[in-house]
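Scroll down for the structure; my scribbles are underneath it.
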Amino acid sequence: MADPGDSSMAGTAHKHKATSWATVALICVASIMLGFAFVLTSVPLAVLGGVIGMAGLVLGVMFRILDDAH
741 MADPGDSSMA GTAHKHKATS WATVALICVA SIMLGFAFVL TSVPLAVLGG VIGMAGLVLG
801 VMFRILDDAH
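Per the numbering used here, residue 741 is the first one in the sequence shown, and the count goes up by one each step.
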């Protein structure tokens with residue numbers, strides 16, 4: 741049985757940048773806004789959520805946030 745305090749990634753140095761967290765937060769906010777837009781049937785809120793989501797995707801590509809995963 742494995743030690744519950746032991747983690748297989750305990751000795752590795754995880755790369756994480758503030759830009760990556762900001763990008764993920766931006767995409768989460770966009771998803772929440774799009775959810776509210778769907779429930780409230782609000783086209784302006786949907787457009788704003790879509791624009792924020794696209795900005796998050798562009799930032800994700802620019803800052804290469806998927807490179808933080810390994």
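Glycine residues also receive a C-beta, built at the ideal position from the N, C-alpha and C atoms.
Gly793 is the residue among Pro784, Gly800, Gly793 and Met802 whose C-alpha sits nearest the C-alpha of Ala770.
Here the alpha carbon of Met802 sits roughly 32 Å from the alpha carbon of Val779.
In the structure shown, the three-state DSSP call for Thr781 is coil.
In this structure, Gly796 places its C-beta atom within 7 Å of the C-beta atom of Leu766.
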